[in-house]
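Going by the working numbering, the first residue of the sequence shown is number 851, and it counts up by one from there.
Here the structure is laid out as structure tokens; the discussion comes afterwards.
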Amino acid sequence: MHKVVLAVMIAAVALIVASKVIAQSPARPSAKTWEYQEIKLETARSSLPAMNQLGSEGWELVNVVAACTAYETTRNCEWWAYFKRPRS
Numbered sequence: 851m852h853k854v855v856l857a858v859m860i861a862a863v864a865l866i867v868a869s870k871v872i873a874q875s876p877a878r879p880s881a882k883t884w885e886y887q888e889i890k891l892e893t894a895r896s897s898l899p900a901m902n903q904l905g906s907e908g909w910e911l912v913n914v915v916a917a918c919t920a921y922e923t924t925r926n927c928e929w930w931a932y933f934k935r936p937r938s
């Protein structure tokens, strides 16, 4: 019986200490929100000016994706670039 009471008392003290530590931890900064943009890439050479313009406006390239369809003997791909920047 004494062991049970002692275990309950230790658990209660641990909960009190944990709640004090959590209460004293610094506030978590608010999460950033992002806005996104996509552009279709025609060719690497013709797409660079548009991509450089987006970069100068604060957009960051995060991914380039090929959307391909395959027919009997041909393969057709469209390339898309995805950008993000912090929402102001």
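By construction, the Cβ of each residue, glycine as well, lies at the ideal position given by its N, Cα and C atoms.
Legend entry - Backbone secondary structure at Arg937 - three-state DSSP: Arg937: coil per DSSP, three-state reduction.
Inset, instruction - May I ask you to report which of helix, strand or coil DSSP gives Ala900? - result: Here Ala900 sits in helix by DSSP.
Legend entry - Ala881, DSSP secondary structure in three states: In the structure shown, Ala881 sits in coil (DSSP, three-state: anything other than H, G, I, E or B).
Inset, instruction - Would you identify the three-state DSSP class for Tyr932, choosing helix, strand or coil? - result: Judged by DSSP in its simplified three-state form, Tyr932 adopts strand.
Inset, instruction - Tell me where the beta strand (DSSP E) around Glu907 begins and ends. - result: Per DSSP, Glu907 belongs to no beta strand (DSSP E) and is neither H nor E.
Inset, instruction - Using the Cα positions of Arg935 and Glu910, report the straight-line distance between them to the nearest angstrom. - result: Their Cα atoms are separated by approximately 6 Å.
Inset, instruction - Pick out whichever of Glu928, Thr919 and Ser880 has its Cα sitting closest to the Cα of Glu892. - result: Comparing Cα-Cα distances from Glu892 to each of Glu928, Thr919 and Ser880, the minimum goes to Glu928.
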